[in-house]
Amino acid sequence: SMLTLFMAMSGGVSWELCILPLSDLGALWVALFIVYVFFVQMAVLNTITGVFCHTAIDSAAHDHELVTQTVLAEKGRYTANLRNIFRRMDDDESGGITILEFQASFQKAAHSATTKL
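Position one of the sequence shown corresponds to residue 24 (the numbering used here), numbered consecutively onward.
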């Protein structure tokens, strides 16, 4: 019956208990039962493997997107920091930095570093 097939597949009954009555009917029925069990087991295993692989591929795609977002966010922070540094160097607020302003900033930084020691 269908219940016996389900129980044989789900571990509810031993295959031996199913095969013994079938062996009285002939070897063909035993072979059909074994083929059925093999086919269903392979189908279930392939389905589970497919779901697992699909989930892993989706996770990898999301990881790539997350890495891309993180890199872009870091690039934005570095750009903002550099912009602030150059604004502080621009003493006359002209929007550009001259050689003199650049050298003066480094002299201020060097003086500040030595006074902190």
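For each residue, glycine too, the CB sits at the ideal point set by N, CA and C.
Bear in mind that the values here come from a model prediction, so they are computed numbers and not experimental data.
With 16 other CB atoms within 10 Å as the buried threshold, where does residue i fall?
i: A31; result: buried
Please report the residue range of the alpha helix (DSSP H) in which residue i lies.
i: D113; result: First-last for D113: undefined, no H or E at that position.
i: I42; result: W38 to L48
i: T27; result: M25 to S33
Which one of the options has the shortest CA to CA distance from residue i?
i: L55; options: Q92, W38 and N69; result: W38
i: R110; options: E124, L43 and T91; result: E124
In angstroms with no decimal places, state the Cα-to-Cα distance between residue i and residue j.
i: A103; j: A84; result: 29 Å
i: D115; j: N107; result: 15 Å
i: S135; j: A127; result: 12 Å
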